[in-house]
Structures are given as C-alpha cells and as structure tokens.
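Numbering (my numbering), first residue to last: 45 to 491.
First the structure, in the form of structure tokens, and then the observations on it.
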Ligand SMILES: Cc1cc2nc3c(=O)[nH]c(=O)nc-3n(C[C@H](O)[C@H](O)[C@H](O)COP(=O)(O)OP(=O)(O)OC[C@H]3O[C@@H](n4cnc5c(N)ncnc54)[C@H](O)[C@@H]3O)c2cc1C
Ligand SMILES: NC(=O)c1ccc[n+]([C@@H]2O[C@H](COP(=O)([O-])OP(=O)(O)OC[C@H]3O[C@@H](n4cnc5c(N)ncnc54)[C@H](OP(=O)(O)O)[C@@H]3O)[C@@H](O)[C@H]2O)c1
C-alpha cells in the first residue's frame, strides 16, 4: 500500500523545500515499502526532528548527517556558521520578456567549502528593505530591540531584514497572529479551520497584509517577532563543476514575481539575488550535499538529462564535468522553456558542448513558440523507441525542475514508454522503474 507523507506546515522549511521533502520522503518510503513486505511507515515527526538542526531541504539519514558533520568539522562553514561569500558575476540569462533567470557566480575562496556536481548551495536571503520599512511604519513600535534568530538583541529593522520570514504566510503564523488580533474575519477563519479557506487566505498574502488589514495588539516588538517564523535559507541546485571552476560555485535562479490582492510581490531569495546584491553584499551560503543526484560511478554509462526551466542547473554542471572526463559517455539532454528566442538558457554553452561532442543528443521543447504546447515529455514520447534502447543499455535518467507538474508528467511518460517499447504490463513497469531507482539509474532533483 502506498504511503502518503505530508510534512506539517510548521516544519522549519520554505514551501519549496517542504514540497521537495514530501516528494523525497514519499519516493523513498514507497520504494522501501515496495521491497519490504509488512514494513511500517516511518513517523514524519521522527524524521523531522533529526533534520531540523542541519538540513535546509533534503531529508537525511542519521548516518548521512554524521558524515556531513564530519566533513564540515567544527571549524568549517555550515548552516549554523554560513560563509559570507562574494558574488563575482550576476546576469540575466533571458532576453526581453516576462521571465527572468539569473546566472550567479559566488566565490568560495578561503572558505574551505567543497562540493560535487549534483549538490545544492543554500543561500540565506535578506528581506526587501522597502517592505520591511513599510511593515515598521504600520506598527506602533519602532526603536525597540528584539531577539534575533539566535537570541541576541538586534534592532527591529535588522531582525526583519535578516532573521524573520516576512514573505509567504503559514497557518501557524496566522493562528498566532489571530490570538493577538480583534479581527472578526481571522477569528472565523481559525474557528472554522477549513483547509480550503486556509489555502484561499494564505495564498498570495504576506505579513504586510496581516499588518495592514488585520492589525494585532502586541504589547511590544518582542511579542510581535515571537509569532514570526525564522527566515530559512533557500536551496539552489549547483550549476557548475568544481573542476571547471575551482573556488567558485554557480547558480541558475528563476526570479519569482507575481501580483496578488492588489500588490506586486517577489520571492524573498530570488529577488534578493537578482536585485539587491551590491559590491558590498556578502551573501551567507553553505553547501548542501545531495548524494541522491550523482553522475554514474562508471563514467562510460549513458546519461539522459531532463531539465526544463531552471531544471537545467545541475545539467550544466554535469556537462562541464563530462567534458573534463577522460572516458566519454553517450548523453542526451531534454531542455525546454517558453520561447527559443528569449529563454534558451546557456545557449552558447550547450551548443559548444554539442559541437565538441560532450553532448551527443539535444531535444528542445519551446512550449509557447506554436499554438499547441510542447513540453519535454512530448519530445520523450516522440523519441520513445530510442529512449527505450538507451535504458536497456543501462542509461541513467536524471530529472530536475518543477515537482508539481513537470516531474509527474515526465514520470508518466517514462512508464508509458516502458509499456509501449518494453512490452511490460502495468505491474512489470512499476517493478522496472523501482529497480532503476534502486540501481540509482533514475534520480530526481525536483522542487
Ligand atoms: C533541492 C532544491 C533545489 C532547488 N534549485 C533551484 C534552482 O536551481 N533554481 C531555482 O530558481 N530554484 C531552485 N529551487 C527553489 C528555491 O529554493 C526557492 O524556493 C525559489 O527560489 C523561491 O524562493 P524565494 O525566496 O524567491 O521565494 P519565496 O519568498 O519562498 O516565495 C515563494 C512563495 O511565493 C508564493 N508564490 C509564488 N508565486 C506565486 C503566485 N503566482 N501566486 C501566489 N503566490 C505565489 C508561494 O507561496 C511560494 O511558495 C530549489 C529548491 C530545492 C528544494
Ligand atoms: N517555489 C517557488 O517559489 C519557485 C521558484 C522558482 C521556481 N520554482 C519551481 O521551479 C520550476 C522551474 O521554474 P522555471 O521558471 O525555471 O521554469 P518552469 O516554470 O518550470 O517552466 C519551464 C518550462 O516548462 C514548461 N512546463 C510547464 N508545465 C509543464 C509540464 N507539466 N511538463 C513539462 N513542462 C512543463 C513551461 O511551459 P509553460 O510555462 O509554457 O506552460 C516552460 O516551457 C517552476 O515551475 C516552479 O515550480 C518554484
């Protein structure tokens, strides 16, 4: 029986990290339960308590955590002691249009931090000062000192800039807010405790909406910050090979911008990196290992990479690494984005990988360049017979990017091509895919 895990909303992760963890836990536990008859589900709370101290977004076994701690060492940089990095390069990869995806290069010089392709970089954001000032202007206290995330006294402004989440709302925060507020609307929301109503209210609203539309009566600034969540670092799949760029780590960041409830809004970390990093900014970072997203141990194994949008990030790193390998492997990249003219991320580099033979096959899905949408999984369907041959030759399949729709559709396309070209039944295809996962031949980095 399939196990369905959903982390509680107050788990100390961003929504993207929670979605990634839910997916990871469900995948891992369902693989385990498929291979161990009568096995029991692991209680989520038990896993959560082992993770909160050091993982920004990835579930880790206790063994893995110990290994990471050993690697980081008491002197090293980690989540508790992030490295103040320098940004060497920061540019938009898109042409004119609504999409903005930044390529950022961070210096790790002097940090001792090391990474492998497939790892992620965690970045501590700084909130938008304009929004912080607007929040403070609407509060009855301004100059008080409050505890920061570690309990040290800082100004309210510094706390709201660097230590507390002022972006997307969670049910937990709204409930604590309501306890201090006379808002009849919030009272009825909390009393009804209806999942749809919670989703409706929290979606597209931030702390500023509570401050302005549902003022609460906190005695002082300390009480006010006590209801807020601590600002969490965001994870980004590393887009560089350390061998190709010693002392540097590169990211590919999709900038989150949207309009809701009459306001223009931005994702905290993606707008921090795209708009608010100056020469003097030292973004705090640490490396987050992802042993579940690694190139094959045998360098001659064929590699299939599916990464639309920012999902291209780890595959730029893979290709840089493969270019330097002495043993050449067959490999195939599926990339997609709305328009070829403006959204072909890393076009020059990908074309150079093709030209020098690092990349053997390339399929590009430009979703909005014709009337009917074309997605990476549509191209996989068109190439299904060849993909099946690659799989039968032992190819490893990697998927990176959007978890909510793309990764599910790509998974469906994979199952279908195995049915159509491998002649497998519904049950046999599940077994085939499960064996691929066990052999680390189907790895996903989705969020
Ligand atoms: C393992 C991992 C790897 C990742 N790698 C990458 C990567 O390589 N590149 C990359 O760009 N991202 C990556 N991410 C996602 C990244 O960590 C952040 O989640 C992302 O950048 C958004 O963070 P933010 O702080 O900008 O937005 P946040 O401040 O966290 O805001 C995001 C929230 O805003 C709200 N929101 C967003 N759009 C809308 C809308 N249209 N309407 C209403 N509400 C909305 C939602 O509540 C959403 O959860 C990765 C995530 C994980 C877990
Ligand atoms: N949590 C966050 O706030 C946050 C921040 C950044 C990124 N992300 C996630 O990361 C993903 C990557 O963002 P991105 O802007 O780089 O790219 P994206 O939004 O995933 O879009 C990349 C390409 O994938 C296409 N696509 C849409 N639905 C698809 C599906 N079901 N199957 C296959 N392809 C599909 C898009 O087409 P169309 O757009 O034309 O339909 C587009 O051409 C986002 O989708 C999002 O889930 C989340």
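Glycine residues also receive a C-beta, built at the ideal position from the N, C-alpha and C atoms.
Taking the CB atoms as reference points, tell me whether residue 153 and residue 291 lie closer together than 8 Å. For the purposes of this step, residue 153 is taken as the residue at position 109 of the chain shown. For the purposes of this step, residue 291 is taken as the residue at position 247 of the chain shown. Yes, they are a contact pair.
Of the choices 426, 385, 221 and 329, whose alpha-carbon is the least far from that of residue 414? Within the chain shown, residue 414 is the residue found at index 370, counting from 1. Considering only alpha carbons, the answer is 385.
Within the region 388–461, ranges of the beta strand (DSSP E) (whole runs, at least 3 residues): 405–410 and 440–445
Just confirm the distance between the C-beta atoms of residue 250 and residue 212, as a whole number of angstroms; I'd bet it's less than 8 Å. The sequence position of residue 250 within the chain shown is 206, counting from 1. The sequence position of residue 212 within the chain shown is 168, counting from 1. Indeed, because the Cβ distance is near 6 Å, the residues count as touching under 8 Å.
Is any heavy atom in ligand 2 found nearer than 7 Å to the beta carbon of residue 382? The residue you call residue 382 lines up with position 338 of the chain shown. Residue 382 Cβ: within cutoff of ligand 2.
Say yes only if the C-beta of residue 279 is nearer than 7 Å to one or more non-hydrogen atoms of ligand 1, and no if none qualify. For the purposes of this step, residue 279 is taken as residue 235 along the chain shown, with counting starting at 1. The answer is yes for residue 279.
Between residue 481 and residue 334, what straight-line distance do the alpha-carbon atoms span, to the nearest angstrom? Locating residue 481 in the chain shown gives position 437, where the first residue counts as 1. Locating residue 334 in the chain shown gives position 290, where the first residue counts as 1. Distance between the alpha carbons of residue 481 and residue 334 is about 15 Å.
So, helix, strand or coil for residue 476, using DSSP? Within the chain shown, residue 476 is the residue found at index 432, counting from 1. Three-state DSSP puts residue 476 in a helix.
For residue 128: DSSP bridge partner residues: To locate residue 128, count along the chain shown from 1; it is residue 84. Its beta-bridge partners are 328.
Could you give the DSSP three-state label for residue 135: helix, strand or coil? As a first step, residue 135 is located in the chain shown; it is residue number 91 there, counting from the start. In the structure shown, residue 135 sits in a strand (DSSP, three-state: E or B).
First and last residue of the uninterrupted alpha helix (DSSP H) at residue 197: Position 153 of the chain shown, counting from 1, holds the residue named residue 197. Unbroken run through residue 197 is the beta strand (DSSP E), 197–199; no alpha helix (DSSP H).
Note down, in chain order, each residue of its chain lying with its Cβ closer than 6 Å to the Cβ of residue 404, except the 5 sequence neighbours on either side. Here residue 404 is taken as the residue at index 360 of the chain shown, counted from 1. If we look at residue 404 and ignore the five residues flanking it on each side, its Cβ neighbours are 374 and 375.
State the DSSP-derived secondary structure class of residue 300, mapped to helix, strand or coil. As a first step, residue 300 is located in the chain shown; it is residue number 256 there, counting from the start. Looking at residue 300 - three-state DSSP - the assignment turns out to be coil, as it is neither helix nor strand.
Is the beta carbon of residue 208 within less than 7 Å of some heavy atom of ligand 1? Within the chain shown, residue 208 is the residue found at index 164, counting from 1. Not so, every heavy atom of ligand 1 lies at least 7 Å from the Cβ.
What residues are listed by DSSP as bridge partners for residue 279? In the chain shown, the residue the question calls residue 279 occupies position 235. DSSP, once it has assigned bridges, lists 166 as partnering residue 279.
Residue 471 - DSSP class collapsed to helix/strand/coil: Here residue 471 is taken as the residue at index 427 of the chain shown, counted from 1. It is helical.
Can residue 420 be considered in contact with ligand 2, in the sense that its beta carbon sits closer than 7 Å to one or more heavy atoms? Residue numbering aside, residue 420 sits at position 376 when the chain shown is read from its first letter. Residue 420: yes, Cβ under 7 Å from ligand 2.
What do you reckon, is the C-beta of residue 476 under 7 Å from a heavy atom of ligand 1? By one-based count along the chain shown, residue 476 stands at place 432. Result no, Cβ not under 7 Å from ligand 1.
On the DSSP bridge list, what partners appear for residue 265? Translated into positions along the chain shown, residue 265 becomes position 221. Per DSSP, none; premise fails for residue 265.
Below 8 Å, can you find three or more Cβ-Cβ pairs linking the region 481–491 to the region 334–353? yes
Name the DSSP bridge partner or partners of residue 151? For the purposes of this step, residue 151 is identified with residue 107 of the chain shown, where counting begins at 1. Partner(s): 130 and 292.
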